[in-house]
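Note that the sequence shown covers residues 6 to 114 in this note's numbering.
From the three backbone atoms N, C-alpha and C, an ideal C-beta is built for every residue, glycine too.
See structure below.
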Amino acid sequence: MANAFKNSAVANIGTTASTVYTTPASTTTTIIGLTVANTISAPITVSISLSISGTEYYLIKNAVIPVGGTLVPIGGEQKLVLQAAHLLKVISNTATSADAIVSVLEISP
6 MANAFKNSAV ANIGTTASTV YTTPASTTTT IIGLTVANTI SAPITVSISL SISGTEYYLI
66 KNAVIPVGGT LVPIGGEQKL VLQAAHLLKV ISNTATSADA IVSVLEISP
């Protein structure tokens, strides 16, 4: 089995859900960190979901991030396991208002 630590970053997330990570084929992924930062001068509301076979499952819904603030829903003792083709998505209530960084461990045969 091959193990690889990787980061994925998406800037300027807005009112359309942005896929911040897609699990590759034949791979299991452990998300070890997820940070979403407010990049504008007003509070924003974000939702984070996991898409499995087209169905959305919320990790967090309508969380407020204050000006200059950051939301860290995954990190420390909190982890999330994804299987092939699972998508991690972030959406904001305001255009081009958030950046997201995901740190993962990909495990493949």
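Can you tell which of Val-15, Thr-24 and Phe-10 has the C-alpha that lies nearest to the C-alpha of Gly-59? Its Cα nearest to that of Gly-59, the residue Thr-24 stands out among Val-15, Thr-24 and Phe-10.
If you draw a straight line from the C-alpha of Ala-9 to the C-alpha of Ser-31, how long is it? 14 Å
Comparing alpha-carbon positions, which option in Leu-55, Ala-14, Glu-82 and Met-6 lies nearest Ala-90? Leu-55
Under the rule that 16 or more other beta-carbon atoms within 10 Å means buried, what is Ile-53, buried or exposed? buried
Assuming the contact rule is C-beta atoms closer than 8 Å, Ala-22 and Lys-94 should be a hit. Round their C-beta distance to whole Å, please. So it is a contact: roughly 4 Å between Cβ atoms.
To the nearest angstrom, how far is the alpha carbon of Val-69 from that of Pro-48? Cα to Cα, the separation comes out at about 7 Å.
Helix, strand or coil: which one does DSSP assign to Val-72? Of the three classes helix, strand and coil, the one that applies to Val-72 here is coil, per DSSP.
Any idea if Ser-102 is buried or exposed, counting beta-carbon neighbours within 10 angstroms, 16 or more meaning buried? Flag for Ser-102 reads buried.
For a test of the three-state rule: what should DSSP assign to Thr-34, helix, strand or coil? In the structure shown, Thr-34 adopts extended strand secondary structure according to DSSP, grouped into three states.
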